[in-house]
Amino acid sequence: MREFACKSLGNDCTWKHIARTEELLADVVAVHLRDVHGVQEMKPDLIGKIKNLFSNPSPTEAETAEGLVLKEYNCDLSPGCAWRYIAQTEELIADGVAVHARQEHDVKEFTREMMTRVKNAAHEWKGMES
Ligand SMILES: [Zn+2]
Ligand SMILES: [Zn+2]
């Protein structure tokens, strides 16, 4: 199992992901970087840099990640926003949405109600093609 934390790239981001292989991890990292950080193209040097930042998760985290299904949240804070967030837990999604809501929708305070709504709206991610 390999782990990647987005903040290790210098991003102000709580997102992290654990996957069985480096290839699977790199795929999901690419989706995250595109959706959230606007990285349209994964250049070989960027992929190399990211793979260097992969680490081994703790045994407990690896075991937990084994049973997790990736969840997806499509922003519904304002009509027309195409932003989405894919993460391993609803907590990570809520964190990411809070940052997005502040930056893009001028939401000063991400309330408990909003967090619950986001968690309820999160659904299973269908995979790379969607
Ligand atoms: Zn990130
Ligand atoms: Zn949005």
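Residue 61 in the working numbering sits at position 59 of the sequence shown; the count goes up by one each step and never skips. Note that CB positions come from ideal geometry on N, CA and C, so glycine has one too.
Residues of its chain near residue i, where Cβ-Cβ distance is below 6 Å and the 5 sequence neighbours each way are ignored
| i | result |
| --- | --- |
| F6 | H19, L27, V31 and F56 |
Residues near residue i in its chain [Cβ-Cβ closer than 8 Å; skip 5 each side]
| i | result |
| --- | --- |
| C133 | Only positions 3 to 132 of the chain appear in this structure, which leaves residue 133 out of reach. |
| W127 | V71, L72, K73, E74 and I88 |
According to DSSP, residues forming a beta bridge with residue i
| i | result |
| --- | --- |
| N76 | R86 |
| E5 | I20 and S57 |
Coil, strand or helix - residue i by DSSP
| i | result |
| --- | --- |
| R36 | helix |
| S57 | strand |
| E126 | strand |
| E43 | coil |
| D14 | coil |
| K110 | coil |
| V71 | coil |
Segment limits, alpha helix (DSSP H) that includes residue i
| i | result |
| --- | --- |
| A103 | E92 to H107 |
| E115 | R114 to A123 |
Cut-off 7 Å between Cβ atoms - residues of its own chain near residue i, not counting five sequence neighbours on either side
| i | result |
| --- | --- |
| M117 | A96 |
| L35 | V41 |
| V120 | Y75, I95, A96 and V99 |
| H107 | L79 and S80 |
| R114 | none |
| L125 | It is worth fixing the name first, because residue 125 is His in this sequence and not Leu. The residues are K73 and E74. |
Residue i Cβ short of 7 Å to ligand 3 heavy atom set
| i | result |
| --- | --- |
| C77 | Of the ligands this structure carries, namely ligand 1 and ligand 2, none is ligand 3. |
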